[in-house]
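Only one structure is covered here, and it is reproduced in the block below.
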Amino acid sequence: MTRIAIVDNEKLKDMQQKLYIQGICPVNRTGKECIKIEADGKLAIDEYLCTGCGICPKAAPNAINIINLPEELKTKPIHRYGENKFVLYSIPTPTFGKVTGILGVNGIGKSTAIKVLAGVLKPNLGDWNKLETDYNELISFFKGTEAQLFFEKIKKEEIKVAYKPQQVDLIPKTTKGKVIDLLKKVDEKNELRKIANELQINEILNNDITEISGGELQRVAIAATVLKNADLYIFDEPTSYLDIKQRINISKFIKSLINENNAVLVVEHDLVILDYIADLVHLMYGKEDCYGIVSGVKPVRNGINVYLSGYIKEENVRFRDSTIKFAEKPPVKKKHTKEEITSWHEIEKKLGNFVLKAHNGLIRKNEIIGILGENGIGKTTFVKILAGVLKQDKGDIGNKVKVSYKPQYLEVSDALVVDVLKTAFNKYENQIINPLNINPLSLNKLSELSGGELQRVAIAHCLQQDADLYLLDEPSAYLDSEQRLILSKVIRDFIEQKNSSALIVDHDLLFVDYISDKLLVFEGKPAIE
């Protein structure tokens with residue numbers, strides 16, 4: 012097989028369109044059945060009959076992908092989710108005594124790969140009709156590689172794996188009870204109090220699992236993973252929902268787990284944290300939601316630079332059209348202005364037991380200010396006051412300016428993306444739509460989008476408004492590292508072209524460092540002041 016066909020039947024619901032696609036296929040016209048409509052109404056493509064002519068993807072660009080694979084991918088895949096569904100071609104290998112990072116865009120198979128290593132997903136070696144593959148087949152498949160030794164040890168039960176899944180927000184839907192009771196059940200090391208202290212979750216131990224925040228859930232999930240006696244610890248996105256202080260604390264904690272008898276695998280999108288936490292890194296490339304390949308292992312600093320360059324020299328693979336280049340610090344703007352657009356004076360706001368105080372400050376024209384601080388310390392409250400969403404109890408805001416605000420938590424509805432972003436499609440195709448890759452989402456409803464897709468649409472919606480001041484609260488959440496790097500360039504260029512200003516609240520240090528001219532740092536006690 013030299014090509015794969017991916018069909019997203021969720022985006023292909025019109026039977027007339029399916030019949031049309033079936034009718035225009037040149038192979039079908041010869042009397043063979045390359046494109047067929049199954050009994051359940053789903054469109055299917057026979058990859059062995061497909062000639063890769065490119066006609067059907069043009070008829071349904073959002074739903075059909077035909078990919079001609081590189082010559083070296085004539086090998087059998089590790090796992091395939093079904094006919095015309097995502098294919099994974101290789102897996103990362105843990106190195107004992109080291110933290111190994113996994114870096115790649117969303118939808119490239121990172122979580123699938125580590126689920127295979129964790130034993131959560133039994134790979135089918137491309138035969139999706141097979142329920143599962145036994146370890147002897149896996150050992151034979153990986154003969155002569157590090158993975159062969161790994162699966163031999165798994166088979167002999169010489170390696171025990173502890174795995175923290177990506178979507179910690181789903182935990183309360185499947186698990187019930189107090190945090191302390193749930194952690195006691197998995198405490199094989201008898202170190203619950205020690206770990207709880209290190210992860211700063213002592214104060215929530217008696218809370219019900221359904222009553223804690225995303226950041227607290229993340230730390231409870233990490234605690235549950237490390238309380239197990241394991242030889243391989245796998246963490247899928249361990250810093251999601253965490254502020255900068257917590258990210259650094261978690262990174263130190265994960266690094267401290269390593270000894271010569273165990274290994275750690277980490278999937279992480281924050282490049283600063285990945286650089287700090289990992290010794291080695293695997294890059295993952297391919298085509299999002301279609302197929303994924305794992306590169307050979309590299310020292311982390313070298314691996315991140317290769318990722319930014321988009322070209323793996325040793326494997327002669329170019330996985331991105333262009334290099335992502337960043338200056339050591341944000342480039343100095345040509346326009347220098349002291350023109351003030353707005354200011355604040357002795358602001359106070361009380362919310363329950365929490366009090367926010369902001370003394371005196373101002374924002375100048377053509378200035379991007381990054382906002383840093385712990386969770387629960389008033390960053391979002393401050394931005395809402397500037398946006399006019401909340402009214403301060405004391406103090407005053409200076410000049411009234413036109414504000415466009417992207418909130419932290421995103422609203423969903425059944426509106427189509429193309430309708431929500433009408434102005435962006437008409438006026439800012441090259442500045443916003445193309446770089447944020449929104450065209451493929453244009454006919455989707457907001458309610459059908461993933462977290463990362465919804466985030467990109469929300470950012471575009473904010474930027475398309477005509478405003479003097481753009482306020483973006485956590486715009487990098489749910490985005491992969493590549494999307495974050497692209498987004499930082501999009502916002503900087505857009506603000507400069509519009510000759511306006513922006514306030515950006517975020518926890519990704521690389522993103523904030525690149526995008527900001529100045530920083531506004533929030534201090535105090537979370538949930539108190």
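Here the sequence shown is numbered in the numbering used here, starting from 12 and rising by one per residue. Backbone N, C-alpha and C define an ideal beta-carbon position, used for all residues, glycine too.
Residue of the options minimising C-alpha distance to residue i
{"i": "K417", "options": "L373, H356, A513", "result": "A513"}
{"i": "L282", "options": "L203, N270, V179, I113", "result": "I113"}
{"i": "K47", "options": "G63, K29, C64", "result": "K29"}
{"i": "P72", "options": "E485, I449, P486", "result": "I449"}
{"i": "V179", "options": "R312, L474, V275, S224", "result": "S224"}
{"i": "K500", "options": "Q475, I443, L194", "result": "I443"}
{"i": "V172", "options": "N213, G130, G34", "result": "G130"}
{"i": "P537", "options": "V366, F393, I526", "result": "V366"}
{"i": "V308", "options": "H370, G63, T106", "result": "T106"}
{"i": "V328", "options": "V311, L427, S306", "result": "S306"}
{"i": "Y420", "options": "L294, A369, V428, L465", "result": "L465"}
{"i": "C64", "options": "R14, E94, I102", "result": "R14"}
{"i": "I539", "options": "G384, L99, G389", "result": "G389"}
{"i": "D519", "options": "C473, Y296, G399, E385", "result": "E385"}
{"i": "D504", "options": "T250, M295, Y174, L474", "result": "L474"}
Cutoff 7 Å; reference residue i; Cβ partners in own chain excluding five residues on either side
{"i": "N20", "result": "K53, L54"}
{"i": "F153", "result": "Q159, F162"}
{"i": "G406", "result": "W355, H356, E357, I358, E359"}
{"i": "A207", "result": "N213, L216, A234"}
{"i": "P176", "result": "D247"}
Alpha-carbon to alpha-carbon, residue j and residue i
{"i": "K87", "j": "D138", "result": "10 Å"}
{"i": "N147", "j": "V468", "result": "46 Å"}
{"i": "V516", "j": "R91", "result": "39 Å"}
{"i": "G226", "j": "I182", "result": "13 Å"}
{"i": "A471", "j": "P446", "result": "10 Å"}
{"i": "K195", "j": "L203", "result": "7 Å"}
{"i": "D25", "j": "K433", "result": "24 Å"}
{"i": "F436", "j": "G321", "result": "28 Å"}
{"i": "L285", "j": "I255", "result": "13 Å"}
{"i": "K96", "j": "Y302", "result": "9 Å"}
{"i": "K345", "j": "F522", "result": "Legend: pLDDT at K345 = 49, less than 50; position of this residue unreliable, no value from coordinates given."}
{"i": "I220", "j": "K205", "result": "20 Å"}
{"i": "V110", "j": "P486", "result": "28 Å"}
{"i": "N79", "j": "A16", "result": "9 Å"}
{"i": "N410", "j": "I191", "result": "50 Å"}
{"i": "E378", "j": "Y489", "result": "26 Å"}
{"i": "D528", "j": "P68", "result": "43 Å"}
Unbroken alpha helix (DSSP H) run spanning residue i, endpoints
{"i": "V428", "result": "428-431"}
{"i": "V412", "result": "Run containing V412: none; DSSP gives neither H nor E here."}
{"i": "Y525", "result": "520-526"}
{"i": "L397", "result": "390-398"}
{"i": "V231", "result": "225-237"}
{"i": "Y318", "result": "311-320"}
{"i": "S262", "result": "255-267"}
{"i": "K349", "result": "Here K349 belongs to no alpha helix (DSSP H), and DSSP marks it neither H nor E."}
{"i": "H472", "result": "462-475"}
Cβ-based neighbour list, residue i, same chain, cut-off 6 Å, excluding 5 preceding and 5 following
{"i": "K43", "result": "L60"}
{"i": "K126", "result": "L132"}
{"i": "V412", "result": "I352, T353, D479, L480"}
{"i": "T104", "result": "E157, A158"}
{"i": "Y252", "result": "G225, G226, Q229"}
{"i": "N364", "result": "none"}
{"i": "V423", "result": "L457, S458"}
{"i": "I245", "result": "I125, A129, Y174, L276"}
{"i": "L531", "result": "I380, I382"}
Continuous beta strand (DSSP E) stretch holding residue i: start and end
{"i": "T111", "result": "110-114"}
{"i": "D247", "result": "243-247"}
{"i": "I119", "result": "Where I119 is concerned, there is no enclosing beta strand (DSSP E), given that its DSSP letter is neither H nor E."}
{"i": "I304", "result": "302-305"}
{"i": "Y481", "result": "480-484"}
{"i": "V423", "result": "Premise fails: V423 is in no beta strand (DSSP E) and is neither H nor E."}
{"i": "F365", "result": "365-375"}
{"i": "R331", "result": "No beta strand (DSSP E) holds R331; DSSP gives it neither H nor E."}
{"i": "N79", "result": "75-79"}
{"i": "A16", "result": "14-18"}
{"i": "G381", "result": "379-383"}
{"i": "I515", "result": "512-516"}
8 Å Cβ shell around residue i - same chain, five flanking residues per side excluded
{"i": "K336", "result": "L319"}
{"i": "I374", "result": "E351, I352, T353, S354, I380, L480, S512, L514"}
{"i": "K189", "result": "L216, N217, N218, D219, I220"}
{"i": "F533", "result": "I382, L383, G384, E385, I388, G389, K390, F393"}
is_contact[residue i, chain D] using C-beta, thresh 8 Å
{"i": "K263", "result": "Of the protein chains in the structure, only one exists, and it is not chain D."}
Quiz item: Are the stretch 357-364 and the stretch 492-499 in contact at 8 Å, needing three or more beta carbon pairs?
Solution: no
Quiz item: Does the stretch 198-216 come within contact of the stretch 230-248, defined as at least 3 CB pairs closer than 8 Å?
Solution: yes
Self-check item: Given 8 Å, three or more beta-carbon pairs between the stretch 157-164 and the stretch 114-125
Solution: no
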